[in-house]
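Under this note's numbering, read the sequence shown as residues 294 to 709, first letter to last. Glycine residues also receive a C-beta, built at the ideal position from the N, C-alpha and C atoms. Everything on this sheet refers to the single structure shown next.
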Amino acid sequence: MNSAGAGDAGALERLKQTAERHDPESLYHLGSLVFEGKLVRGDLEQAADLLKRAADKGHAAAQNAFGFMLQNGIGVAKNEQEAALWYERAAAAGEREAQNNLGWLYQEGRGVELNLDRALSWYTKAAAAGSGIAAYHIGRLYESGGYAPVRGVPNLAAALDWYEKAARGGLAIAQYKLGKALYEGKGAERNPVQGLAWIEKSAAQDNPLAQQLLALQLAGDGYKARDEREAMRLTLAAARAGLPSAERLAGLFLEYGFGAGRDPRAALRWYREAATRGDGEAALRLAILLDEGPPEMRASKEAAAWYEKASEAGWRDADLRLGLLYQTGKGVERNYAEALRRYRRAADAGYADALYRIAVLYDEGLGVNSDSRAALQWFAKAAERGHAEANAVIQGLMKPVERQGDAFSALKFGKF
């Protein structure tokens, strides 16, 4: 909300006096000041009342502001249908922010029936009036296939045209989207230098996605000169903004001493932040640090819980490690059958060590009936994938197996 400054006591007093005479412009500015906490901190109900009074008198910006409060339940009970009505009034009067807000409601089907044609129409009006966020929303519609010559089919070229309009207007997220597309050559001819220039503009406005991408470049991932300290600074900035992948990257840098000294405790904190937000890889790295990190930081029971989270997110390495915990009873109750189940999951994903550990369980009869033939088959599969210990087992058996003609070949290809 744009509002008059509160620094001039005389001007503020005049504003209050004119507001008392129900002047809509004064009511709007006074309501905006209260909303922003520049007069009465936290009195959002008073702000809503002042803005509603201005809106009732046809003040378009106040209608948009009051609609926003209704949409989000700020100072008034949340009511998206009523918010849409106020946005409609303001939008019809040419208020571009209301046009954008109304477009979003139609796009999402919030307070109105979902209608992408109407969403695009209102976004286009707002963008024509100079709204960068509306231009960005149009770009998103085209990119997602929500609105294209063929509905459901993304139109990246059209999306980039709109992202560029928004980017040139200074919208950080649009600068990032345009820059990333140019960097990767998606929807436009690949131009990494130009793409990174847009990403740098976005990062300068503290967009965390841009900060992370630029950090990876500075870490030696591409077209920028290596600068570990700046990469770390940008990563921490993105992490502090709550971006889970940046939190994970910060943990990785701190664990291995990239751009700063090694700090496993700080790494643990960042991994935990990202894992708590649902980042599966962070959950895996957190579990490994708790399982295998410095002795004073180890917590096997908690490690097992985070391995489980990582497994649920599809990280089969977590299953391999969980299998080992169940096999040894470390942090969990020993359970050979569960260990075998976890190893099988990891083996299906191609982990040679899982193949080897399944072989050991069959060889020793742990969780399954002892079965030398099955054990040999699993050892052979692991050896075929380059597992050194499995290969040593096979090599040790080579001479007696060779006496059986082509038995080793049959074993290797699972023909027993």
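Collapsed DSSP secondary structure at residue i in the structure displayed
| i | result |
| --- | --- |
| Val-369 | coil |
| Ala-592 | coil |
| Asp-454 | helix |
| Asn-448 | coil |
| Leu-344 | helix |
| Phe-551 | coil |
| Ser-663 | coil |
| Asn-484 | coil |
| Arg-558 | helix |
| Asp-336 | coil |
| Asp-608 | Note on residue identity: the sequence assigns Trp, not Asp, to residue 608. Looking at Trp-608 - three-state DSSP - the assignment turns out to be coil, as it is neither helix nor strand. |
| Ala-467 | helix |
| Gly-616 | helix |
| Gly-689 | helix |
| Ala-421 | helix |
| Ala-681 | helix |
| Gln-498 | coil |
| Arg-570 | coil |
| Leu-536 | coil |
| Lys-602 | helix |
| Gly-515 | coil |
| Ala-386 | coil |
| Lys-331 | coil |
| Gly-360 | helix |
| Glu-626 | coil |
| Gly-351 | coil |
| Gly-544 | helix |
| Lys-479 | coil |
| Gly-472 | helix |
Contacting residues, own chain, Cβ-Cβ under 6 angstroms from residue i (five flanking each side not counted)
| i | result |
| --- | --- |
| Ala-340 | Gly-324, Val-327, Phe-328, Gly-368 |
| Ala-606 | Gly-573 |
| Arg-570 | Pro-537 |
| Ser-604 | Ala-611, Asp-612 |
| Leu-502 | Tyr-469 |
| Gly-396 | Ala-412, Trp-415, Tyr-416 |
| Asp-656 | Ala-668 |
| Leu-690 | none |
| Gly-544 | Ala-560, Trp-563, Tyr-564 |
| Leu-320 | Ala-312, Leu-343, Arg-346, Ala-347 |
| Leu-547 | Asp-556, Ala-559, Ala-560 |
| Gln-356 | Ala-348, Trp-379, Arg-382, Ala-383 |
| Gln-400 | Ala-412 |
| Glu-457 | Leu-471 |
| Ala-377 | Leu-398, Gly-404, Val-405 |
| Asn-628 | Tyr-619 |
| His-430 | Tyr-416 |
Sequence-distant residues of its chain with Cβ nearer than 7 angstroms to residue i (five each side left out)
| i | result |
| --- | --- |
| Arg-637 | Ile-651 |
| Asp-699 | Any reading at Asp-699 is ruled out, since the residue's pLDDT is 43, under 50, leaving its predicted position unreliable. |
| Glu-523 | Leu-511 |
| Tyr-516 | Pro-485, Val-486, Leu-489, Gln-510 |
| Ala-642 | Arg-609 |
| Lys-594 | Gly-624 |
| Asp-336 | Val-327 |
| Asp-664 | Tyr-655 |
| Lys-674 | Leu-648 |
| Gly-300 | Residue confidence for Gly-300 is low, a pLDDT of 48 falling below 50, so the modelled location carries little weight; the figure read from the coordinates is stated next. Excluding positions up to five away in sequence, the list is empty. |
First through last residue of the alpha helix (DSSP H) which encompasses residue i
| i | result |
| --- | --- |
| Asp-656 | 645-657 |
| Arg-635 | 629-641 |
| Glu-318 | 317-328 |
| Glu-436 | 425-437 |
| Pro-501 | 501-509 |
| Tyr-399 | 389-401 |
| Leu-529 | 521-533 |
| Glu-406 | Counting along the chain, Glu-406 falls outside any alpha helix (DSSP H), and DSSP gives it neither H nor E. |
| Asp-584 | 573-585 |
Cut-off 8 angstroms between Cβ atoms - residues of its own chain near residue i, not counting five sequence neighbours on either side
| i | result |
| --- | --- |
| Ala-685 | none |
| Asp-454 | Gly-432 |
| Tyr-435 | Ala-441, Pro-447, Asn-448, Leu-449, Ala-451, Ala-452, Trp-455 |
| His-680 | Ala-645, Asp-646, Leu-648, Tyr-649 |
| Ile-581 | Ala-596, Arg-614 |
| His-352 | Pro-317, Glu-318, Leu-320, Tyr-321 |
Assumed close pair residue i, residue j - CB separation to whole angstroms, cut-off 8 angstroms
| i | j | result |
| --- | --- | --- |
| Leu-507 | Leu-529 | Contact doesn't hold; Cβ gap of about 13 angstroms is too wide. |
| Ala-567 | Trp-599 | With 8 angstroms as the limit, Ala-567 and Trp-599 do not qualify as a contact, their Cβ atoms being about 11 angstroms apart. |
| Ala-531 | Gln-504 | 4 angstroms |
| Ile-278 | Leu-464 | Summary: the structure shown does not reach residue 278, with the chain confined to residues 294 through 709, and so no result is reported for it. |
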